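Visitor: I have a structure here, written as structure tokens, and I will follow up with some questions on it.
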Amino acid sequence: MSTQRFKRFYLDWRSLAEKTLATEVENPGGRKRYDGIALTGMGGSGIIGDVIHVLAFEFSDVPTVVVKDFSLPKYVKDGWLVLAISYSGNTKETLSTVYEALSRGCDVAGVSSGGKLAEIAREKGLTYLQVEGGRVPRASMPALLVGALRVLKAKGMDFPLPSPEGLAKLGNVGEAEALAENIVEGLAGRIPVFLSDVRHYPLAVRAKNEFNENAKIPAKVEVLPEWGHNDIVGWEKWLGPFTAIVLELGEGDKLMRFAADYLREVNVPVKELVMSDSMPYVDRVLWYSLVLGLASLKLAEIRGVDPGVTESISKYKAFLKSWSPALKES
Ligand code: F6R
């Protein structure tokens, strides 16, 4: 598919989010209180768990854990909510956590566009939201995020949804394209390194994944303050074809500004993406995911690669069909 055609799956994010806000949550209701929440999912679906994990620092009274694996930690048991997110509904790692959670007596909920996860949810009467199908997972981010937040709300957990202003902002595609253009300028032939603070780690990972999958290039993520205790040294002597993209929160973000200044001092090309600090977190994550996603599409176009096809992920999934480390059907 040409980049122009594929791009349409990004340019309609506002209506995709709005549709998901109006979609019914099946079998709402849950316990009065959970001991914790496990967020399971991989890749473009799994990133939603990272976003909710960050939100939980502010909005959850119970611990959250993000699981991107075939099995759950031992402490996830009866009393826990396990929210499985899989766009296809057929991802082996995610389904494996669902079977395991059911066998341990956890309350299980799901978000998918269909697949086996939808089947299990309906058969077992789980809380579930079906998002619109016909896309690839990464281009469905607003649906997966809004869907997951709505399922958590239906389970009694008050996480914030995108604001009306945040939704309107997603409609400003011209502005998003202009910001994306700035990011991509001079990036061809280079390896981007996305640097962020802990709060914006999901955005940095999302950006890396977008450049991997859409533009077919490797990319790296570094998170402050940990970066200052190890990775910082790696730039002292040897330099490869890297460009640092520093995600900063407003002009006064001293921590991220330190990283940008340091990297310039040691001659690493640096781009600063100064994010609005007045936007609520969910709005900010959606908006800058759109901007960074469009940037990855622009690079795909420059490189002449098809952003919509991810052959090697299909190869990995085909391998998984013949390899099951912990798949327990209950
Ligand atoms: C993103 C993408 C992958 C998938 C991952 C899991 O666009 O294609 O990262 O998200 O392989 O698959 P799903 O999301 O269907 O559970």
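For the sequence shown, this note's numbering begins at 917 and goes up steadily by one. The C-beta atom is built at its ideal place from N, Cα and C for all residues, glycine as well. Predicted model, so just to flag it, every value in this text is computed and none were measured.
Helix, strand or coil for Ser1240 per DSSP?
Guide: For the purposes of this step, residue 1240 is taken as residue 324 along the sequence shown, with counting starting at 1. Ser1240 falls in the coil class under three-state DSSP.
Visitor: Is Ile1274 a contact residue of ligand 1, with contact defined as CB to any heavy atom under 7 Å?
Guide: Any answer about residue 1274 is impossible in this case: the structure gives the chain only from 917 up to 1246.
Visitor: Of the choices His1145, Ser1238, Lys1132, Arg930, whose alpha-carbon is the least far from that of Leu1215?
Guide: Taking the sequence shown and counting its residues from 1, one reaches residue 1215 at position 299. The closest CA to that of Leu1215, considering only His1145, Ser1238, Lys1132, Arg930, is found on Lys1132.
Visitor: Checking the sheet assignment: what are the DSSP bridge partners for Leu999?
Guide: For the purposes of this step, residue 999 is taken as residue 83 along the sequence shown, with counting starting at 1. Leu999 pairs with Leu955, Ala1025.
Visitor: Could you tell me if the beta carbon of Gly957 falls within a distance shorter than 7 Å of some heavy atom in ligand 1?
Guide: Here residue 957 refers to the residue found at position 41 when the sequence shown is read from its first residue. Gly957 Cβ: within cutoff of ligand 1.
Visitor: What's the call for Gly1166, buried or exposed, on a 16-neighbour Cβ count within 10 Å?
Guide: By one-based count along the sequence shown, residue 1166 stands at place 250. Label assigned to Gly1166: exposed.
Visitor: To the nearest angstrom, report how far apart Val941 and Leu1077 are at their CA atoms.
Guide: Numbered from 1 along the sequence shown, position 25 holds the residue referred to as residue 941. Numbered from 1 along the sequence shown, position 161 holds the residue referred to as residue 1077. Cα to Cα, Val941 sits roughly 14 Å from Leu1077.
Visitor: Ordered along the chain, which non-local residues of its own chain (more than five positions away) have a Cβ less than 6 Å from that of Ser1246?
Guide: For the purposes of this step, residue 1246 is taken as residue 330 along the sequence shown, with counting starting at 1. Note on Ser1246: pLDDT 47, under 50, position unreliable in the model; the coordinate value appears next. If we look at Ser1246 and ignore the five residues flanking it on each side, its Cβ neighbours are Tyr1015, Leu1018, Ser1019.
Visitor: Looking at ligand 1, does it come within less than 7 Å of Val1052, judged from the CB to the closest heavy atom?
Guide: Along the sequence shown, read from residue 1 onward, the residue named residue 1052 stands at position 136. True, at least one ligand heavy atom lies under 7 Å from that Cβ.
Visitor: What's the gap between the Cα of Ala1068 and the Cα of Phe1075?
Guide: In the sequence shown, residue 1068 corresponds to position 152, counting from 1. In the sequence shown, residue 1075 corresponds to position 159, counting from 1. In the sequence as presented, Ala is not what sits at residue 1068; that position holds Leu. If I take the Cα positions, the gap works out to 7 Å.
Visitor: Leaving out five residues before and five after Val978 in sequence, what residues of the same chain have Cβ atoms less than 7 Å from its Cβ?
Guide: To locate residue 978, count along the sequence shown from 1; it is residue 62. Tyr950, Asp951, Gly952, Ile953, listed in sequence order.
Visitor: So is the beta-carbon of Ser1004 under 7 Å away from any non-hydrogen atom of ligand 1?
Guide: In the sequence shown, the residue the question calls residue 1004 occupies position 88. Look at Ser1004: its beta carbon is less than 7 Å from one of the heavy atoms in ligand 1.
Visitor: Would you say the beta carbon of Gly960 comes nearer than 7 Å to a heavy atom of ligand 1?
Guide: Here residue 960 refers to the residue found at position 44 of the sequence shown. For ligand 1, at least one heavy atom lies less than 7 Å from the Cβ of Gly960.
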